[in-house]
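Heads up: the sequence shown begins at 225 in this note's numbering, then just goes up one per residue.
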Amino acid sequence: LAAFSGPLASELVLERLRMRQNGREVAAVDPGLPLELLLEGRAEHDFRSLDLAIALFRDGFRLFSCHDGPSGQPLAAGSFVSRFELPSNLLRPGVYTVGAGAQRPGLGGWVWADAATRLEVSEWGTMEVDGRDLGALTVTYAGSRRSVAERRDSPARP
C-alpha cells in the first residue's frame, strides 16, 4: 500500500488491500461481478472507537466512501481485516484509485492515504449496460415517460 499520513499512522498500520471476485484474488476487476475489497492491517493497541473506510476516486474526484460498520465500533489490538462489498455493474471500465484510512469519531486522530492502491476495471467483463448512460458509475434507476394529451396544430417532427 501507499504511504499513510496522519496522527494515527504509527498506531494503526494498514498493510494490504486485496480485491476478490468469486472468492479469488484478482488484478483486474470484471465489472459484471460483485467485488470484495479486503483491507488488512494491525492495531498497535486497543481503540475504543474507530471508523475504518475506503473511498474510490476517478480522475481525481471522490466517487463514494464506504465504512466497514456503524460509527464508533471498537478495534482490539492485533491484526484485523475489514471487508467491503460492492455490487456488480457499479463500476465502468477504467482505472480508479482506492483511498483507505481510519478516524476516531469524536476523539480526534486519523490516518489516510488518498492513493492506497490502483483498481483497474476491465473492458472485457460481463457487464451489461446501456451505452447511452455515460459516467464512471452505473446507477440503478427507473425512468418513465408519458404522453400528455394536447391539441397540436402542426404535424409531428422527427
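Glycine is no exception: its CB is placed at the ideal position from the N, C-alpha and C atoms.
Q.
Taking only three categories from DSSP, how would you classify W348?
A. coil
Q) How far does the beta strand (DSSP E) with H291 in it reach, from first residue to last? A) F285 to H291
Q) Roughly how far, in whole angstroms, is the beta-carbon of L187 from the beta-carbon of P255, given that I think they are within contact range, below 8 Å? A) Only positions 225 to 382 of the chain appear in this structure, which leaves residue 187 out of reach.
**Q.** Assigned secondary structure, F228 (DSSP; H/G/I helix, E/B strand, else coil)
**A.** coil
Q. What residues in its chain sit with their C-beta under 7 Å from that of G265, if we drop five residues either side in the sequence?
A. L236, V237, L238, E239 and F304
Q | Member of L280, A326 and A301 whose CA lies at the smallest distance from the CA of G293 | A | A326
Q | 6 Å CB neighbourhood of G230 in its chain, flanking five on each side removed | A | W334, V335 and W336
Q: Quickly, what does DSSP pair T362 with across the bridge? List them, please.
A: Beta-bridge pairing links T362 to no other residue.
Q) For V250, which residues from the same chain have a beta carbon less than 8 Å from its beta carbon, with the 5 sequence-adjacent residues on both sides left out? A) M243 and R244
Q) If we count the other Cβ atoms within 10 Å of its Cβ and call it buried at 16 or more, is F308 buried or exposed? A) buried
Q | G367 (DSSP reduced to helix, strand or coil) | A | coil
Q: Check the C-beta distance from A339 over to T321 and give it rounded, since I have them as a contact under 8 Å.
A: 5 Å
Q. Nearest-angstrom Cα distance between G332 and R342?
A. 28 Å
Q: Compute the beta-carbon to beta-carbon distance between R282 and A360, rounded to the nearest angstrom, for a pair I have assumed lies under 8 Å.
A: 4 Å
(Q) Which residue wins for smallest C-alpha separation from L299, given the options R272, V319 and I278? (A) R272
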